[in-house]
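In the UniProt record's numbering, the protein residues as written are 1 to 221.
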């Protein structure tokens, strides 16, 4: 059943995946994320999930309402949290270089938090969907794209990025974030502290406005 067909039903809120929720609910979510990431959403049945999690079907239904509700929780809660983190960075960090670094790090920290969940969501980004999740993904992709555009524009307005190359710089930022995350998820590359600052420093070296300010976090190049 598509998510679009069950939104009007009495699904449980996706809130249980949030920090501080029931340990059982979080355990079910982690197990489901691993199964969705490795077997695919459509190929993973409720029976497979509950057997792997060591719980009963009524327990899963109590927390999430259905498999669709569980998948919706795995997408909506973490993506909403990331979107909010990015918006907070945009509105609270005055230095444009630090803003870029923290934007990169927010994406990386989000992936480190639950790699299986991230693999599942990346599969939704890049794979064909017949289960109604695409609408949710498109909404969050649009939201994150808008915030990233605003962040990049602030860097240009501050003279850190060549204003004639704003669009290319934004594309480069998104590309580096995605490639770094995929290397972490599928090639076990490092995504630890310091990477965000190094990547931003390298990017700014190629996109800095001629004669513009180096920024408070310049690496000396």
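Every residue, glycine too, gets a C-beta built ideally from N, C-alpha and C.
Just to confirm the assignment, what range does the alpha helix (DSSP H) spanning residue i have?
i, result
"residue 54", "Unbroken run through residue 54: none, as it is neither H nor E."
"residue 204", "195-207"
Which class does residue i belong to by DSSP, given the choice of helix, strand or coil?
i, result
"residue 189", "coil"
"residue 115", "helix"
"residue 161", "coil"
"residue 93", "coil"
"residue 100", "helix"
"residue 133", "coil"
Please classify residue i: is it buried, with 16 or more other beta-carbons within 10 angstroms of its beta-carbon, or exposed?
i, result
"residue 135", "exposed"
"residue 145", "exposed"
"residue 43", "exposed"
"residue 198", "exposed"
"residue 163", "exposed"
"residue 114", "buried"
"residue 22", "exposed"
"residue 179", "exposed"
"residue 167", "exposed"
"residue 116", "buried"
"residue 186", "exposed"
Skipping 5 residues on each side, what residues in its chain have a beta carbon closer than 8 Å to that of residue i?
i, result
"residue 125", "137 and 141"
"residue 57", "46, 47 and 50"
"residue 110", "78, 81, 82, 85 and 118"
"residue 189", "180 and 183"
Spatial neighbours of residue i within its chain, please: CB distance less than 6 Å, with the 5 preceding and 5 following residues excluded, ordered by chain position.
i, result
"residue 70", "32 and 64"
"residue 130", "Residue placement at residue 130 is flagged as unreliable, the pLDDT there being 48, under the threshold of 50; a coordinate-derived value is accordingly withheld."
"residue 79", "140"
For residue i, collect the residues of the same chain with a Cβ closer than 7 Å to its Cβ; drop the 5 residues on either side in sequence, then sort them by chain order.
i, result
"residue 93", "99 and 102"
"residue 143", "83"
"residue 150", "90"
"residue 302", "Absent from the model: residue 302. The displayed extent of the chain is 1 to 221, so no value can be given."
"residue 177", "104 and 107"
"residue 170", "148, 149 and 152"
"residue 112", "191"
"residue 200", "97, 100, 101 and 104"
May I have a chain-ordered list of the alpha helix (DSSP H) segments no shorter than 4 residues that lie completely inside the UniProt domain "HTH tetR-type" (22-82)?
-> The qualifying runs are 23-39, 46-53 and 57-64.
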